[in-house]
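Trainee:
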Amino acid sequence: MTNQQDPAAQSTPESEPQQAQGYEVAKPSPDSSLKTQLTRFIAVGVISAVVDLGLTLILQAVGLNRTFAKAIGWCCGTLTAYILNAKYTFGAKVTGRTGAAVAVLYLSTFAVQVFLYWVLDGPLQAIGLAGTFKDVVAFVIAQGVATVTNFAVQRAFIFKER
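Heads up, the sequence shown is in UniProt numbering, so the first residue is 1 and it goes up one at a time.
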């Protein structure tokens, strides 16, 4: 009689994490499917927006100028987004190179957002939108363009699988 076990009775790394003599169980790689990454990217965006808004409101409540409070909130929210997207969404390391690339991307898309928000004012008024509703529509369009651009560039260029 041999000392081998029936292969069907053996545990697999997928069913039970374990280490045995002679081999090491590999850790699962981050899921790089478009659906998973997009879902994670959106979740990270929500978390980052909460950091941005929360810090902005706290700083305003303690007396900091509204504009400076927003600038600090945006910077902290952006840093949160970078770190969480690098590690959680794209399974990448946080490095100076990726940090610089994301900073340039975010500053660029920030400028695009502000431009779109401004340029959409006239066309939205021309179709009969006004006041806060018009501003919300412009914001959603500008933010949507920035979000899609940020995700596409980060996925295709900054955190692409090598």
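All C-beta atoms, glycine included, are put in the ideal place defined by N, C-alpha and C.
#1: What does the Cβ neighbour count give for ASP52, buried or exposed, with the cut at 16 atoms within 10 Å?
#2: Output the distance between the C-alpha atoms of ILE83 and GLN125, rounded to the nearest integer angstrom.
#3: Whose CA, out of LYS70, TYR117, ILE158, GLN143, lies closest to the CA of ILE42?
#4: Rounded to the nearest angstrom, what separates PHE68 and PHE90 at their Cα positions?
#5: Would DSSP call LYS134 helix, strand or coil?
#6: If I measure Cβ to Cβ from ALA138 and keep anything under 8 Å in the same chain, skipping five residues before and after, which residues do I get?
#7: For ARG155, which three-state DSSP category applies?
#8: Pick out whichever of LEU55, LYS93, TYR88 has its Cα sitting closest to the Cα of SER33.
#9: Give the range of the alpha helix (DSSP H) segment to which TYR82 is assigned.
#10: Quick check: the Cα distance between ALA61 and GLU161, rounded to an integer number of angstroms?
#11: On the criterion of 16 or more Cβ atoms from any shown chain inside 10 Å, does ASN150 qualify as buried, or is it exposed?
#12: Please name the residue in VAL94, ALA103, PHE157 whose C-alpha comes closest to that of THR78.
#13: Are the CB atoms of VAL153 and LEU105 nearer to each other than 7 Å?
#14: Output the distance between the C-alpha atoms of GLY73 and VAL50, rounded to the nearest integer angstrom.
#15: With burial defined as no fewer than 16 other Cβ atoms inside 10 Å of the residue's Cβ, what is the status of PHE157: buried or exposed?
#16: Please determine, among CYS75, LEU38, VAL94, the residue with the shortest C-alpha to C-alpha distance to PHE110.
Mentor: Considering the structure as presented:
#1: buried
#2: 39 Å
#3: GLN143
#4: 31 Å
#5: helix
#6: LEU116, TYR117, LEU120, ASP121, LEU124
#7: helix
#8: TYR88
#9: 66–84
#10: 43 Å
#11: buried
#12: ALA103
#13: yes
#14: 9 Å
#15: exposed
#16: CYS75
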